[in-house]
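These notes concern the structure reproduced below.
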Amino acid sequence: MLSVYPAFLVDKVKDELQKVIDLLENGETDTEAVQEKLDEAVCGINDLQEEFDENDSEIETVARECIAATVAYILEWFNIPIDTEEAIRERDW
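Quick note on numbering: the sequence shown equals residues 5 to 97 in this note's numbering.
Put into structure tokens, the structure is as follows:
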């Protein structure tokens, strides 16, 4: 079965990740502060799971891999030395 991701929920995931980008664009380089913001973003994404379910969708393998790859890209772009698995450690998806 092909999974469909409702655009408004994809936007909510993007919004959570944008909070991390905003912090980094403001010059934050402290890994603890960045990890704290990542934890908040991932918890925000966790909280969207019910909305995905209500819209006949889910955060499944492709979505999980896409989110992880996006986080890895963000960390690499801003040269933040946090491992991707550590960065998304709060995930429950």
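Backbone N, C-alpha and C define an ideal beta-carbon position, used for all residues, glycine too. Here the structure is a predicted model, which means the values were calculated and not measured.
What would DSSP say about Phe56, mapped onto helix, strand or coil? Phe56 falls in the helix class under three-state DSSP.
State the DSSP-derived secondary structure class of Ala91, mapped to helix, strand or coil. Reduced to three states, the DSSP call for Ala91 is helix.
Can you tell me the Cβ-Cβ gap for Val17 and Ile49, rounded? I've got them flagged as a contact below 8 Å. Between Val17 and Ile49, the beta carbon gap of about 6 Å places them in contact (Cβ cut-off 8 Å).
Rounded separation between Ala67 and Val38 - CA only: Inter-residue distance for Ala67 and Val38 is about 22 Å (C-alpha atoms, whole angstroms).
Contacts around Ala45, its chain only, beta-carbon distance under 8 Å, and the 5 residues preceding and following it disregarded: Correct list, in chain order: Glu20, Leu21, Lys23 and Val24.
Straight-line Cα distance separating Asn59 from Asp87: About 32 Å.
What runs of the alpha helix (DSSP H), each 4 residues or longer, lie entirely inside the segment 13-65? Fully enclosed alpha helix (DSSP H) runs of 4 or longer: 35-50 and 53-58.
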